[in-house]
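Worksheet: one structure, shown below.
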Amino acid sequence: MPRQPSNMHTATALAERFALGLRGDGSVEIHGVGTLAGAGPGQLAFLANPRYRPQLADTRASVVVMGEQDADKSSETGFAGVALVAKDPYAAFARMAALFEPQPVRAPGIHPSCDIDPSATVADDAHVGAFTSIGARSRIESGAVLGPGCIVGDDCVVGAGSELIARVTLVTRVRLGHRVRIHPGAVLGADGFGLAMDAGRWLKVPQLGGVVIGDDCEIGANTTIDRGAIEDTVLEEDVRLDNQIQIGHNVRIGAHTAMAGCAAVAGSAKIGRYCLVGGAAGILGHLEICDRVVITAMSLVSSSIREPGEYSSGTGLMDNRSWRKNAARFKQLDELARKIKGKPKQ
Amino acid sequence: MPRQPSNMHTATALAERFALGLRGDGSVEIHGVGTLAGAGPGQLAFLANPRYRPQLADTRASVVVMGEQDADKSSETGFAGVALVAKDPYAAFARMAALFEPQPVRAPGIHPSCDIDPSATVADDAHVGAFTSIGARSRIESGAVLGPGCIVGDDCVVGAGSELIARVTLVTRVRLGHRVRIHPGAVLGADGFGLAMDAGRWLKVPQLGGVVIGDDCEIGANTTIDRGAIEDTVLEEDVRLDNQIQIGHNVRIGAHTAMAGCAAVAGSAKIGRYCLVGGAAGILGHLEICDRVVITAMSLVSSSIREPGEYSSGTGLMDNRSWRKNAARFKQLDELARKIKGKPKQ
Amino acid sequence: MPRQPSNMHTATALAERFALGLRGDGSVEIHGVGTLAGAGPGQLAFLANPRYRPQLADTRASVVVMGEQDADKSSETGFAGVALVAKDPYAAFARMAALFEPQPVRAPGIHPSCDIDPSATVADDAHVGAFTSIGARSRIESGAVLGPGCIVGDDCVVGAGSELIARVTLVTRVRLGHRVRIHPGAVLGADGFGLAMDAGRWLKVPQLGGVVIGDDCEIGANTTIDRGAIEDTVLEEDVRLDNQIQIGHNVRIGAHTAMAGCAAVAGSAKIGRYCLVGGAAGILGHLEICDRVVITAMSLVSSSIREPGEYSSGTGLMDNRSWRKNAARFKQLDELARKIKGKPKQ
Chain A
-15 MPRQPSNMHT
-5 ATALAERFAL
5 GLRGDGSVEI
15 HGVGTLAGAG
25 PGQLAFLANP
35 RYRPQLADTR
45 ASVVVMGEQD
55 ADKSSETGFA
65 GVALVAKDPY
75 AAFARMAALF
85 EPQPVRAPGI
95 HPSCDIDPSA
105 TVADDAHVGA
115 FTSIGARSRI
125 ESGAVLGPGC
135 IVGDDCVVGA
145 GSELIARVTL
155 VTRVRLGHRV
165 RIHPGAVLGA
175 DGFGLAMDAG
185 RWLKVPQLGG
195 VVIGDDCEIG
205 ANTTIDRGAI
215 EDTVLEEDVR
225 LDNQIQIGHN
235 VRIGAHTAMA
245 GCAAVAGSAK
255 IGRYCLVGGA
265 AGILGHLEIC
275 DRVVITAMSL
285 VSSSIREPGE
295 YSSGTGLMDN
305 RSWRKNAARF
315 KQLDELARKI
325 KGKPKQ
Chain B
-15 MPRQPSNMHT
-5 ATALAERFAL
5 GLRGDGSVEI
15 HGVGTLAGAG
25 PGQLAFLANP
35 RYRPQLADTR
45 ASVVVMGEQD
55 ADKSSETGFA
65 GVALVAKDPY
75 AAFARMAALF
85 EPQPVRAPGI
95 HPSCDIDPSA
105 TVADDAHVGA
115 FTSIGARSRI
125 ESGAVLGPGC
135 IVGDDCVVGA
145 GSELIARVTL
155 VTRVRLGHRV
165 RIHPGAVLGA
175 DGFGLAMDAG
185 RWLKVPQLGG
195 VVIGDDCEIG
205 ANTTIDRGAI
215 EDTVLEEDVR
225 LDNQIQIGHN
235 VRIGAHTAMA
245 GCAAVAGSAK
255 IGRYCLVGGA
265 AGILGHLEIC
275 DRVVITAMSL
285 VSSSIREPGE
295 YSSGTGLMDN
305 RSWRKNAARF
315 KQLDELARKI
325 KGKPKQ
Chain C
-15 MPRQPSNMHT
-5 ATALAERFAL
5 GLRGDGSVEI
15 HGVGTLAGAG
25 PGQLAFLANP
35 RYRPQLADTR
45 ASVVVMGEQD
55 ADKSSETGFA
65 GVALVAKDPY
75 AAFARMAALF
85 EPQPVRAPGI
95 HPSCDIDPSA
105 TVADDAHVGA
115 FTSIGARSRI
125 ESGAVLGPGC
135 IVGDDCVVGA
145 GSELIARVTL
155 VTRVRLGHRV
165 RIHPGAVLGA
175 DGFGLAMDAG
185 RWLKVPQLGG
195 VVIGDDCEIG
205 ANTTIDRGAI
215 EDTVLEEDVR
225 LDNQIQIGHN
235 VRIGAHTAMA
245 GCAAVAGSAK
255 IGRYCLVGGA
265 AGILGHLEIC
275 DRVVITAMSL
285 VSSSIREPGE
295 YSSGTGLMDN
305 RSWRKNAARF
315 KQLDELARKI
325 KGKPKQ
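Residue numbers (this note's numbering), protein chains in the order written: chain A, -15 to 330; chain B, -15 to 330; chain C, -15 to 330.
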């Protein structure tokens, strides 16, 4: 089973194309990528984290992209291959690795099995895979790719160059910008969780808003983004959401913010730009987080954050026996503190 | 792109239809809804939370539904538009907003692409969208709507007036009551997680039960509800589950309970009526929670709850530096408590 | 609606087939299974947990599988039915219950609606259900079952005897071993969450690896397993994942490990063999967990674990008022500890 396409690039060609320094024989041919430890001849690896520097001596990679400092110290590191020199070796590697990524064929055209509403429009150069439904008044723009099994409901837009990998659902009133990438199982534009208790029964509050996704956003597998109750749920440009994230109705996420898997944001929260939200972190509704805030994994944000910085909640991991003792004491903590501070119990 | 259908209702007509008081010119025409801050002429807004009262002075909404107290104080609040007066303005708004909700066309009939087992029955007035499968002995009742891409396995019932928005999977032995609403990506009736360790390998325990969903329940996008091991997993009537909730096998959830996104309930837990479970909260298996219990977000319920009330676990959010210090001390908490209480370490 | 097929087995036949002891009339006919409390005549129940021993007296089950001790004490327990005697009654029950599990008909062959790339291969005796896509160079091996609505991308393998229940997505370079079972909504082989910040924007790092799933693994509904960045994400044999679990790129999970619903594992974590990970537990990236580690529900593993045993984090559940007081004190914990230990504040 071919794992990588039959691409070949010389070290010289890579250095020129990506404006990198070159140390060693530029004629060496690269056919794929690998890790420092796992790569073989004909492969490109990278060194970004100094922790892996000792692996340079033994790597079988033909070419390694690294920082200038590492390239200068080849006598110390014992690296005998060809070095490509980059200011940011990881970013340079990412760009070069893209050359070796197998791309599924997505020829323009609409698969004959599709069910497309007569009022929908699909650009001539868009690809629409098998078993895809497109609803009333929706628009698929130039170069967009809809993999198999997608459902695009009414009044949606898939912007130019966007890609729904497969089995993505845009329920209704979802507008994607350009170059948005959505992974399988994601559901955008489902009803927000709006309920009013009325005479002992739940009354559903209609969800009349939509979802707006900015350019260059990426949405992970099985992530859900509800549409707004009245106004829209909004992701600004270049927001990156990992898998299984839940975004409630009327949330707004600022540009360039990234969230790791299983994070959850309740309705009407506003998150700033360049934030990093750790895995399975929770953000309560109707609060605001300013720009450049980092939330560590599994922390719960229960009030607004006005200062950039890193925030956490929870406790550290312990062996269960010790944890039980300490957790039992947590229930007495206020009482203990009163003893220490000499205040009588209220 | 039309965001709302061409509905028009006068303030007088709304007041009569929903039994509301009217202050001002009842002939004003309403074409849609908005927030107090965002609505324009021809739109209906609401005031339920006193926090938003200051917005009354500046709202451009033609009509605002509000409580009697607010309607009486128009000189103070500066509100110059038409007021609809309701005992519960939010519920009244929810009912009126439904008039302006665009409804996708779901004409009765079965899309020709569908794959329906000959032993299944589909009511004449049900709608079955494209690329839907219906298995052996399953029954789709009157007025039910199955959007595109649904999979209904064997021995299932979709009750009268129920709606599977799109791409919903009912695996096997799932029986929905009337007017149940299920959002895309939800999976009901998959195997429960039943395993026995046997000679160093996992042995699968067959999951022979089903899932029973009561009338008027709502199930969010990508939520999963496993079928029972022997008996059924049960949601009583009017249970409301948000997105990405996990319900283990043989769980029972009482009527009118609502759970926010990403909550998880382990097998055989029994949850009472009128409970509210916060986002990403966890409930361990084989325990009981009585009626009218509130669990706050991300709390873990690890033993049965016998008294109504609000329950929590976890710690508050801190800047990471302070958190690290305090979390380190948590690991010494039992030792510290012994010091305070003067007991020697065991 | 028939809940169980028309199978019949006598107690004698079951005893012989599964090498169990028999006490009582072996000619009694069994048509299905039930719980001790819920079973009726003609049904088989089991007693594994001593907590349920009192139910033996009143059970209406015709046959109960139990341990030798319980079988010996029928005068004490008041059990009057037929006993099957097993060393491990739960495992014996699991094996017998499988006889009564209704199996959907999955005849060999490819449904005419499917969209299969000409370079893919499907074994003659495999079943491929409606609306399934199979991509380039993928291989469906002997006896494999693909339920309706599955998507198998390029360069995938579905090993012999494996079953994708319905609506499973294998994105690309996913190789399943033999007898793997995957539940609806699961997504394997989506892009890992690889990003580099580059001049103020996110740069996507290509995800060139695949996913390798060992023999006899089971993957729950709506679980996601990303493909590796360079090398593969790997589950060894007999790994059991419940619903809505997130496995990041390049994670490796050892044989026979089981994880409960909503657990999340970040990229490049290595988990040992025979581990048990509780519901909604989190495991940070790039760490190692040795064999036979138990993580309790909703705990966060933030550093490597080198010793087998049970580990926990978090705090216990309290009524909200007490919790608020204690959680407030947690924020002063370092200060309090310094007071107790007599050290001045740094």
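All residues carry an ideal CB built from backbone N, CA and C; glycine is no exception.
Every value quoted in this text rests on a predicted model; they were computed, and no experiment measured them.
Candidates the options: closest to residue i by CA position
i                : options                                   : result
TYR295 (chain C) : C:VAL278, C:CYS98 and C:SER287            : C:VAL278
ALA250 (chain B) : B:GLY266, B:GLY262, B:ALA244 and B:GLY256 : B:GLY266
MET80 (chain C)  : C:PRO92, C:PHE314 and C:LEU4              : C:LEU4
GLY18 (chain B)  : A:ASP216, A:THR241, A:VAL141 and A:ASP226 : A:ASP216
ASP109 (chain C) : C:GLY300, C:PHE2, C:ALA174 and C:GLY145   : C:GLY145
GLY173 (chain C) : C:VAL89, C:HIS240 and C:GLY232            : C:GLY232
LYS71 (chain A)  : A:LYS57, A:GLU60 and A:MET50              : A:MET50
Residues of its chain near residue i, where Cβ-Cβ distance is below 6 Å and the 5 sequence neighbours each way are ignored
i                  : result
GLU0 (chain B)     : none
PRO(-11) (chain C) : Because PRO(-11) (chain C) carries a pLDDT of 47, less than 50, the predicted location of this residue cannot be relied on, and the following value inherits that uncertainty. PRO86, listed in sequence order.
ARG276 (chain B)   : TYR258 and PRO292
VAL142 (chain A)   : ILE124, ALA128 and LEU160
ARG7 (chain B)     : ALA55 and ALA67
Where residue i meets chain C, residues with beta-carbon distance less than 9 Å
i               : result
PRO96 (chain B) : In chain order: nothing, as chain C lies at least about 11 Å away.
Burial state of residue i, where buried means 16 or more other Cβ atoms lie within 10 Å
i                  : result
MET(-8) (chain B)  : exposed
HIS165 (chain C)   : Per the sequence shown, residue 165 (chain C) should be read as Arg rather than His. Per the 10 Å Cβ criterion, buried.
LYS188 (chain A)   : buried
ALA45 (chain A)    : buried
PRO(-14) (chain B) : Caution is warranted here: a pLDDT of 41 is assigned to PRO(-14) (chain B), below 50, making its placement in the model unreliable, and no coordinate value can be reported.
HIS270 (chain B)   : exposed
GLN53 (chain C)    : exposed
ALA247 (chain C)   : buried
SER103 (chain C)   : exposed
SER252 (chain B)   : buried
ARG290 (chain B)   : exposed
PRO25 (chain C)    : exposed
GLY194 (chain A)   : buried
ARG305 (chain A)   : exposed
VAL89 (chain A)    : exposed
SER283 (chain C)   : buried
ALA91 (chain A)    : exposed
Chain A residues whose Cβ lies nearer than 7 Å to that of residue i
i                : result
ALA242 (chain C) : Those within 7 Å of ALA242 (chain C) in chain A number zero; the least Cβ separation is about 18 Å.
ARG151 (chain B) : ILE135 and THR153
Closer than 7 Å at the beta carbon, the chain C residues around residue i
i                : result
CYS246 (chain A) : GLN230 and ALA248
THR208 (chain B) : ALA205, ASN206, ASN227 and GLN228
Residues of its chain near residue i, where Cβ-Cβ distance is below 8 Å and the 5 sequence neighbours each way are ignored
i                : result
LEU20 (chain C)  : ALA29, PHE30, LEU31, TYR36, GLN39, LEU40, THR43, ALA45 and VAL48
ALA205 (chain C) : HIS167, PRO168, GLY169, ALA170, ASN227 and GLN228
LEU192 (chain A) : GLY212, ALA213 and ILE214
LEU320 (chain C) : ARG313
Where residue i meets chain B, residues with beta-carbon distance less than 7 Å
i               : result
ALA91 (chain C) : Within 7 Å Cβ-Cβ: nothing; ALA91 (chain C) doesn't reach chain B, min ~12 Å.
Partner residues on chain B for residue i, Cβ-Cβ distance less than 8 Å
i               : result
PHE30 (chain A) : Residues of chain B passing the Cβ test: none, with the nearest at roughly 29 Å.
Cross-chain neighbours of residue i in chain A, by beta carbon under 8 Å
i                : result
ARG185 (chain C) : ASP200, ASP222 and HIS240
Segment limits, alpha helix (DSSP H) that includes residue i
i                : result
ALA76 (chain C)  : 73 to 81
SER306 (chain C) : 304 to 314
PHE2 (chain B)   : -5 to 2
LEU154 (chain B) : Where LEU154 (chain B) is concerned, there is no enclosing alpha helix (DSSP H), although the beta strand (DSSP E) it sits in stretches over 153 to 156.
ARG322 (chain C) : 317 to 325
Run of the beta strand (DSSP E) containing residue i, from where it starts to where it stops
i               : result
ARG7 (chain C)  : 5 to 7
THR61 (chain A) : Counting along the chain, THR61 (chain A) falls outside any beta strand (DSSP E), though it belongs to the alpha helix (DSSP H) covering 58 to 61.
Under 8 Å by beta carbon: chain C residues contacting residue i
i                : result
THR19 (chain A)  : ILE214 and GLU215
TYR295 (chain A) : Under the 8 Å cutoff, chain C gives no residues; its nearest Cβ is about 12 Å from TYR295 (chain A).
Amino acids of chain A, ordered along the chain, whose beta-carbon sits closer than 9 Å to that of residue i
i                : result
LYS315 (chain B) : THR299, GLY300, MET302, SER306, TRP307 and ASN310
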